[in-house]
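*Asks:* Protein chains in written order, with the numbering used here: chain A, 1 to 175; chain B, 176 to 974.
Just so it is clear, CB atoms sit at the ideal spot from N, CA and C, and this is done for glycine as well.
Pasting a structure below so you can have a look.
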Amino acid sequence: MTAMTPTGPAESLHEVTLTVNGVPRSASVPARRLLSDFLRHDLGLTGTHVGCEHGVCGACTVLVDGETIRSCLQFAVMHDGAEVTTVEGCARGDGELSAVQRAFGECHGLQCGFCTPGFVTTVTAYLDQHPDPSEAEAREAITGNLCRCTGYQNIVASVLRAAQLRREEREEAPG
Amino acid sequence: MTTRTVGEPIARREDPRLLTGQGRFLDDIGSAGLAAAFVRSPHAHARIVDIDVTDALAVDGLVAIYTHDDLPGRVGETLPVLIPHEALTHGRTACPLAKNEVNHVGEAIVMVVATDRYLAEDACERIRVDYELLPPVVGIEAARDGDLLVHDDVPGNVSAHLVQETGDARAAIDTAPRVLDLDLEIERSASTPLEGRGVHARWDGDDHSLRVYTSTQASTSVRAALAAKLELPLDRVEVIAPDVGGGFGVKIVHPWPEEVLVAWAAIMLGQEVKWTEDRREHFVSAAHERGQLQHVRVGYDDDGHLLGLDVTIWHDNGAYTPYGIIVPIITTTQLLGPYKPGAYRAEFHSLYTNTVAVTPYRGAGRPQGCFAMERTMDAIAADLGLDRAVVRERNFIGPDEMPYDHGLTFQDGRPLIYDSGDYPATLAKVKKLIGWDAFEAIRDEARAAGRRVGIGLGCYVEGTGVGPYEGGFVKVETDGTVVVATGLTTQGQGHQTVFAQVVADELGVALDDVVVTTGDTRRFGYAVGTFASRAAVMSGNAVALAARKVRQKALRIAGEALEADPRDLEIVDGVVQVKGVPGATIPLRTVAVLSNPLRYAFDAESQRATQFAAPADPDRPPVADDDEPGLEGTDYYSPPRSTFANGMHAAIVETDPETAEISILRYCVVHDCGTLINPRIVQGQIHGGVAQGVGGALYEKLVYDDAGQLLNASFMDFLMPYASEIPVIETDHLQTPSPLNPLGIKGAGEAGVIPVSAVLASAIEDAESSQGIRISRMPISPSELYHLRAEATNEEGDS
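Listed below in structure tokens is the structure:
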């Protein structure tokens with residue numbers, strides 16, 4: 001039963017424009033296109049990963065107007081006009097790794113790397129609000145994200161190290 | 176000297192890519208291609224009466240619908256039993272698409288291909304399958320009863336029955352001064368990597384070749400299996416494992432139905448086709464593990480020395496046996512841990528149920544075996560009023576007894592012979608780390624304050640690095656880059672770092688100059704796979720041996736160029752030099768140029784290798800009879816048998832007297848996996864293993880109802896631990912090198928998970944010692960602990 005001629009009606013499309021990592025991006029998509037699929041497959045930003053499709057694992061976490069959201073639970077059309085930051089946009093403008101990304105590398109806070117983009121975005125947003133967490137707070141900050149590889153030991157360490165690196169960056173910043 | 180990197184906690188070289196969203200996982204590939212989705216059985220056991228696709232034909236974007244009847248030749252036939260065994264008398268596997276009958280919820284029946292996944296799923300929803308329901312067999316007891324059958328032609332639901340015995344265990348037990356019986360149970364769990372399965376295939380009709388990307392732990396074997404199924408010459412098929420988002424065992428199974436079907440559809444349609452597994456599909460159609468019932472009968476003397484051990488296992492293998500009976504074989508052999516069992520008899524029955532197939536999940540039968548042995552040790556200690564550590568130590572195989580032959584056959588078909596290990600030293604270290612000897616005072620103090628705290632201990636020995644072999648390829652490019660390839664795959668173990676460390680040290684080059692590729696059959700075609708804690712042992716040694724070959728060749732060519740004896744040469748930071756003679760040097764990249772005599776010069780480097788560039792003996796061929804062009808080498812490591820790592824864990828837990836909540840206050844690990852290539856990566860493996868062990872001990876179980884419906888097929892309901900559930904893990908290690916391989920490595924990948932259920936059961940029982948409860952089933956939840964307390968109280972009241 002192959003190669004049949006489709007006969008059904010095509011879905012109506014909606015133009016969605018987001019500012020993603022500082023760059024305006026548009027695509028025409030059906031109303032039901034998930035934001036995660038929009039970013040990954042319509043815009044080609046495959047750094048955002050989908051681990052469960054029901055908002056539990058956190059791998060798909062992106063920042064919309066600075067707040068973390070689970071992009072697998074949202075439709076792209078809901079965010080027309082929004083500012084979105086994905087893991088690809090977490091590196092500094094000069095292409096250098098951000099403090100959070102460097103901390104994960106230094107502390108071995110990732111193994112297979114599949115959940116990592118969600119941790120990077122989550123921790124980036126958390127440290128913007130809570131620059132000086134205790135160890136217990138660092139652990140609490142990541143309790144919405146699943147990792148099957150690391151046992152979280154080095155992710156907690158990465159959060160604390162990232163906070164330290166960001167403090168150092170602030171102290172070194174001119175003015 | 177080039178700085179040695181083996182043994183150093185080198186930061187991983189794959190991380191910058193993975194941290195910036197530049198990883199390339201399966202679903203990141205081929206967005207422009209077609210998408211596949213599957214109609215899967217909603218019933219655990221049923222006959223397929225009719226499949227009606229009429230309504231689906233109206234879906235816009237539909238490309239094709241396939242059922243079993245559409246699959247030609249070998250494509251539609253049953254999938255292979257990957258590991259045959261003479262005891263597996265009734266091995267059964269599924270067809271890629273169900274033929275007449277489905278045997279578990281989630282079994283694939285129809286494949287739909289459409290222009291995108293949303294549309295493919297639309298079409299799936301419109302396909303109607305009529306079923307004649309059959310009574311399902313759910314749970315080990317139901318399977319064992321044998322009243323209802325999963326497969327009509329498998330009597331008693333028994334796929335395999337195997338007995339291994341050394342000595343006369345039953346006679347030894349009958350004459351032993353003391354005897355105990357234990358009935359134990361471990362429930363089902365699963366690997367659940369964060370990335371599910373997935374496959375992408377591209378057929379090149381002009382080249383008549385197939386390229387398949389699949390999220391697998393065994394790309395070379397997927398290649399061979401697909402070539403066989405699709406009846407293509409092997410050299411027309413290439414299979415690549417891209418970045419793999421965790422495996423933990425489940426991705427060693429192959430070929431999955433979807434691997435065969437997606438590849439076949441890509442050929443049929445002449446277009447790229449991709450299938451990305453969703454989370455529910457992973458729960459109901461990939462694989463599970465762990466579920467066993469166990470009976471242990473042990474005879475021992477008044478000092479706690481084992482005299483005879485008789486273990487019977489009823490192993491739930493699910494609906495099919497694609498991976499053979501490896502899991503129960505491992506349970507019954509690795510159960511022995513660091514101990515001398517006296518006479519030993521192990522018997523298992525591997526049983527069909529109408530549930531997802533059971534194949535290895537990290538630990539692969541060892542956590543169950545360890546649970547049986549360690550529960551037995553605790554029971555003996557309780558019976559004799561002895562310290563649990565003392566009973567264990569009295570039964571240890573001594574370091575002076577190595578190598579130790581158990582007289583059994585291991586999972587690789589080779590004798591179960593431990594190569595090395597110092598178990599008393601491991602025990603001493605873990606006792607010190609957790610403060611074992613000082614704990615009684617802590618327990619008493621807590622009890623006086625109304626708190627219940629307890630300590631537990633668990634020991635394991637893990638056969639790692641199973642054969643038959645792995646290979647390595649090392650090549651020095653003319654720009655000085657050292658290209659390394661090995662065929663096994665990577666799913667988070669940091670192979671791009673650790674194999675680079677090995678090669679950098681062996682060759683004498685900077686780590687940054689080494690580039691490693693794994694799991695790509697275009698780069699290395701002979702391999703087995705990444706499982707059984709074998710990658711570092713197997714490919715680590717293989718790339719070391721290949722690098723040694725390259726080094727020898729480099730020294731020979733450099734010796735000719737420098738007019739020096741190769742024995743007087745060394746390689747430091749990528750430069751060959753005469754020891755103690757400053758200035759007599761030649762860079763390795765230049766040696767690479769000289770290794771490949773050229774007719775044509777295309778750049779400044781290659782001019783040095785053309786026929787008029789250097790004086791040559793006109794009577795010798797430019798490439799000698801026993802030589803080959805290029806500064807490269809391939810070699811293989813094939814061990815006589817597995818190498819055995821060991822470790823011991825100890826934990827302190829607190830149980831709430833009211834709510835029965837279980838908290839892990841401390842968790843300590845001492846492990847010995849021989850020579851460490853990268854201690855940071857090994858520690859990460861231990862952390863991850865312990866976390867999965869904690870999940871398996873306290874949270875994770877797959878719950879089927881009587882109809883064979885998996886009730887918790889989501890991350891909402893299957894309780895994988897978050898950071899809030901995992902304690903701080905304290906680690907220490909010994910390094911007893913393996914005498915079996917050049918680098919002295921033993922595997923570490925699975926170690927962390929093995930003893931956790933045993934350790935926590937021991938610790939909870941200790942915390943509850945005033946209640947007199949016995950823990951025989953894991954995982955244990957607060958409500959189950961609460962019920963155990965109630966049962967113990969009732970029994971007390973009854974007596």
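Suppose you measure from the CA of Thr696 of chain B to the CA of Gly198 of chain B; what does that come to, to the nearest Å?
*Replies:* As a position in the second sequence, residue 696 of chain B is number 521, starting the count at 1. As a position in the second sequence, residue 198 of chain B is number 23, starting the count at 1. Approximately 19 Å, taken between the alpha carbons.
*Asks:* What is the C-beta distance between Gly499 of chain B and Leu257 of chain B, in whole angstroms, given that I count them as a contact (C-beta under 8 Å)?
*Replies:* As a position in the second sequence, residue 499 of chain B is number 324, starting the count at 1. As a position in the second sequence, residue 257 of chain B is number 82, starting the count at 1. About 6 Å separates the Cβ atoms of Gly499 of chain B and Leu257 of chain B, confirming a contact at the 8 Å cut-off.
*Asks:* Count the CB pairs spanning the segment 581 to 597 of chain B and the segment 496 to 516 of chain B that are closer than 8 Å, and state whether there are at least three.
*Replies:* Touching, per the Cβ criterion.
*Asks:* Counting Cβ pairs, one atom from each stretch, are 3 or more of them under 8 Å apart for the segment 622 to 632 of chain B and the segment 935 to 948 of chain B?
*Replies:* Segments in contact, yes.
*Asks:* Of all the beta strand (DSSP E) runs that stay within the bounds of the segment 53 to 107 of chain A, which reach a length of 3 or more residues?
*Replies:* Uninterrupted beta strand (DSSP E) stretches at least 3 residues long and entirely within the segment 53 to 107 of chain A occur at 61 to 64, 67 to 70, 83 to 85, given in chain order.
*Asks:* Please list the terminal residues of the continuous alpha helix (DSSP H) segment that includes Val766 of chain B.
*Replies:* Position 591 of the second sequence holds residue 766 of chain B. Start and end: 763 to 769.
*Asks:* Could you pull the DSSP bridge partners for Phe38 of chain A from this structure?
*Replies:* Along the first sequence, read from residue 1 onward, the residue named residue 38 of chain A stands at position 38. Bridge partners of Phe38 of chain A: none, in fact.
*Asks:* Using alpha carbons as the reference points, say which of B:His862, B:Thr765, B:Lys650, B:Thr341 lies closest to Val156 of chain A.
*Replies:* For the purposes of this step, residue 156 of chain A is identified with residue 156 of the first sequence, where counting begins at 1. Of the candidates B:His862, B:Thr765, B:Lys650, B:Thr341, B:His862 places its Cα closest to the Cα of Val156 of chain A.
*Asks:* At the 8 Å Cβ level, is Thr2 of chain A part of the contact set with chain B, yes or no?
*Replies:* The sequence position of residue 2 of chain A within the first sequence is 2, counting from 1. With a pLDDT of only 49 at Thr2 of chain A, under the threshold of 50, the placement of this residue in the model should not be trusted; the figure read from the coordinates follows. Judged by the 8 Å Cβ criterion, Thr2 of chain A is in contact with chain B.
*Asks:* Compare the Cα-Cα distances from Ile505 of chain B to each of B:Gln910, B:Ala679, B:Tyr388, B:Val338 and report the closest residue.
*Replies:* The count along the second sequence starts at 1 and reaches residue 505 of chain B at position 330. Nearest option by C-alpha distance: B:Val338.
*Asks:* What did DSSP end up calling Glu189 of chain B once you bin it into helix, strand or coil?
*Replies:* Within the second sequence, residue 189 of chain B is the residue found at index 14, counting from 1. Looking at Glu189 of chain B - three-state DSSP - the assignment turns out to be coil, as it is neither helix nor strand.
*Asks:* So if I threshold CB-CB distances at 9 Å, which residues from the segment 876 to 895 of chain B count as touching chain A?
*Replies:* Ser889, Phe890, Met891, Met895
*Asks:* Taking Cβ positions, are Tyr293 of chain B and Arg40 of chain A nearer each other than 8 Å?
*Replies:* Residue mapping note: residue 293 of chain B aligns to position 118 of the second sequence, counting from 1. Residue mapping note: residue 40 of chain A aligns to position 40 of the first sequence, counting from 1. It is not a contact, given that the beta carbons lie outside the stated cut-off.
*Asks:* Tell me the start and end of each unbroken beta strand (DSSP E) in the segment 818 to 875 of chain B that is at least 3 residues and wholly inside, in chain order.
*Replies:* 818 to 830, 837 to 847, all fully within the segment 818 to 875 of chain B.
*Asks:* Does the segment 959 to 972 of chain B touch the segment 566 to 577 of chain B, meaning 3 or more C-beta pairs lie closer than 8 Å?
*Replies:* A contact is defined here as three or more CB-CB pairs under 8 Å, and the segment 566 to 577 of chain B fails this definition with respect to the segment 959 to 972 of chain B.
*Asks:* Decide if Ala613 of chain B is buried, meaning its Cβ has at least 16 other Cβ atoms within 10 Å, or exposed.
*Replies:* One-based indexing of the second sequence puts residue 613 of chain B at position 438. The residue in question, Ala613 of chain B, is exposed, as its Cβ has fewer than 16 Cβ neighbours within 10 Å.
*Asks:* Let's test the definition: count the other Cβ atoms within 10 Å of the Cβ of Glu836 of chain B and tell me whether it reaches 16, buried, or not, exposed.
*Replies:* By 1-based counting over the second sequence, the position of residue 836 of chain B is 661. Label assigned to Glu836 of chain B: exposed.
*Asks:* Return the CA-CA distance between Tyr527 of chain B and Arg267 of chain B, expressed in angstroms with no decimal places.
*Replies:* By one-based count along the second sequence, residue 527 of chain B stands at place 352. By one-based count along the second sequence, residue 267 of chain B stands at place 92. Using only the alpha carbons, I get a separation of about 9 Å.
*Asks:* Where do the N-terminal and C-terminal ends of the alpha helix (DSSP H) with Asp297 of chain B fall, by residue?
*Replies:* Stepping through the second sequence from its first residue, residue 297 of chain B is reached at position 122. Per DSSP, Asp297 of chain B belongs to the alpha helix (DSSP H) from 292 to 301.
*Asks:* Secondary structure at Cys634 of chain B, three-state DSSP: helix, strand or coil?
*Replies:* Residue numbering aside, residue 634 of chain B sits at position 459 when the second sequence is read from its first letter. Three-state result, Cys634 of chain B: strand.
*Asks:* Which whole-angstrom value describes the C-beta separation of Gln860 of chain B and Gly924 of chain B, a residue pair presumed to lie in contact below a C-beta threshold of 8 Å?
*Replies:* The residue you call residue 860 of chain B lines up with position 685 of the second sequence. The residue you call residue 924 of chain B lines up with position 749 of the second sequence. The Cβ separation is near 5 Å, so the contact holds.
*Asks:* What are the start and end residues of each continuous alpha helix (DSSP H) run of 4 or more residues lying completely inside the segment 118 to 148 of chain A, in chain order?
*Replies:* 135 to 141
*Asks:* Could you work out which residue in B:Ala616, B:Thr601, B:Ala776, B:Cys848 is closest to Gln710 of chain B when comparing CA atoms only?
*Replies:* For the purposes of this step, residue 710 of chain B is taken as the residue at position 535 of the second sequence. Checking the sequence, you will find Ala at residue 710 of chain B rather than Gln. Of the candidates B:Ala616, B:Thr601, B:Ala776, B:Cys848, the one whose C-alpha sits nearest the C-alpha of Ala710 of chain B is B:Cys848.
*Asks:* What residues of chain A sit near Glu959 of chain B, judged by a beta carbon separation below 9 Å?
*Replies:* Here residue 959 of chain B is taken as the residue at index 784 of the second sequence, counted from 1. Correct list: empty, because the minimum Cβ distance to chain A is about 24 Å.
*Asks:* Do Ala926 of chain B and Tyr152 of chain A have their beta-carbon atoms positioned less than 8 Å apart in this structure?
*Replies:* Walking along the first sequence from the start, residue 152 of chain A turns up at place 152. Walking along the second sequence from the start, residue 926 of chain B turns up at place 751. Cβ atoms of Tyr152 of chain A and Ala926 of chain B: not closer than 8 Å.
*Asks:* Starting from Gln197 of chain B, trace the alpha helix (DSSP H) both ways and give me its first and last residue.
*Replies:* Within the second sequence, the letter at position 22 stands for residue 197 of chain B. Run containing Gln197 of chain B: none; DSSP gives neither H nor E here.
*Asks:* How would you write the range of the beta strand (DSSP E) that Lys449 of chain B sits in, first residue to last?
*Replies:* On the second sequence, residue 449 of chain B is found 274 positions in, with the first residue counted as 1. For Lys449 of chain B, the enclosing beta strand (DSSP E) stretches over residues 448 to 451.
*Asks:* Between Ile572 of chain B and chain A, is any beta-carbon pair separated by less than 8 Å?
*Replies:* Working through the second sequence from its first residue, we reach residue 572 of chain B at position 397. Chain A contact via Cβ: absent.
*Asks:* Using the three-state DSSP reduction, which class does Lys426 of chain B fall into: helix, strand or coil?
*Replies:* The residue labelled residue 426 of chain B in the question sits at position 251 within the second sequence. When DSSP states are grouped into helix, strand and coil, Lys426 of chain B belongs to the helix group.
*Asks:* Any chance the segment 410 to 425 of chain B sits against the segment 101 to 121 of chain A, with 3 or more Cβ pairs inside 8 Å?
*Replies:* yes
*Asks:* Would you call the CB atoms of Arg639 of chain B and Thr818 of chain B closer than 8 Å?
*Replies:* As a first step, residue 639 of chain B must be located in the second sequence, where it is residue number 464. As a first step, residue 818 of chain B must be located in the second sequence, where it is residue number 643. Residue identity check: residue 639 of chain B is Thr in the sequence provided, not Arg. In this structure, Thr818 of chain B lies closer than 8 Å to Thr639 of chain B by Cβ.
*Asks:* Taking the beta carbon of Thr2 of chain A as the centre, do at least 16 other beta carbons fall within 10 Å, making it buried, or is it exposed?
*Replies:* For the purposes of this step, residue 2 of chain A is taken as residue 2 along the first sequence, with counting starting at 1. Reliability fails at Thr2 of chain A, whose pLDDT of 49 lies under 50, so the model's placement of it is uncertain and no value is given.
*Asks:* By Cβ distance, which residues of its chain are closer than 7 Å to Arg161 of chain A, with the 5 residues on each side in sequence left out?
*Replies:* Here residue 161 of chain A is taken as the residue at index 161 of the first sequence, counted from 1. Ala103, Glu106, Cys107, listed in sequence order.
*Asks:* Under a three-way DSSP split, which group does Pro957 of chain B fall into?
*Replies:* Position 782 of the second sequence, counting from 1, holds the residue named residue 957 of chain B. Helix at Pro957 of chain B.
*Asks:* Are Ile153 of chain B and Ile223 of chain B touching if we call contact CB-CB under 8 Å?
*Replies:* Any question about residue 153 of chain B goes unanswered here, given that chain B covers just 176 to 974.
*Asks:* Could you tell me which chain B residues have their CB closer than 7 Å to the CB of Glu53 of chain A, listed as they occur along the chain?
*Replies:* Working through the first sequence from its first residue, we reach residue 53 of chain A at position 53. Residues of chain B passing the Cβ test: Asp453, Arg454.
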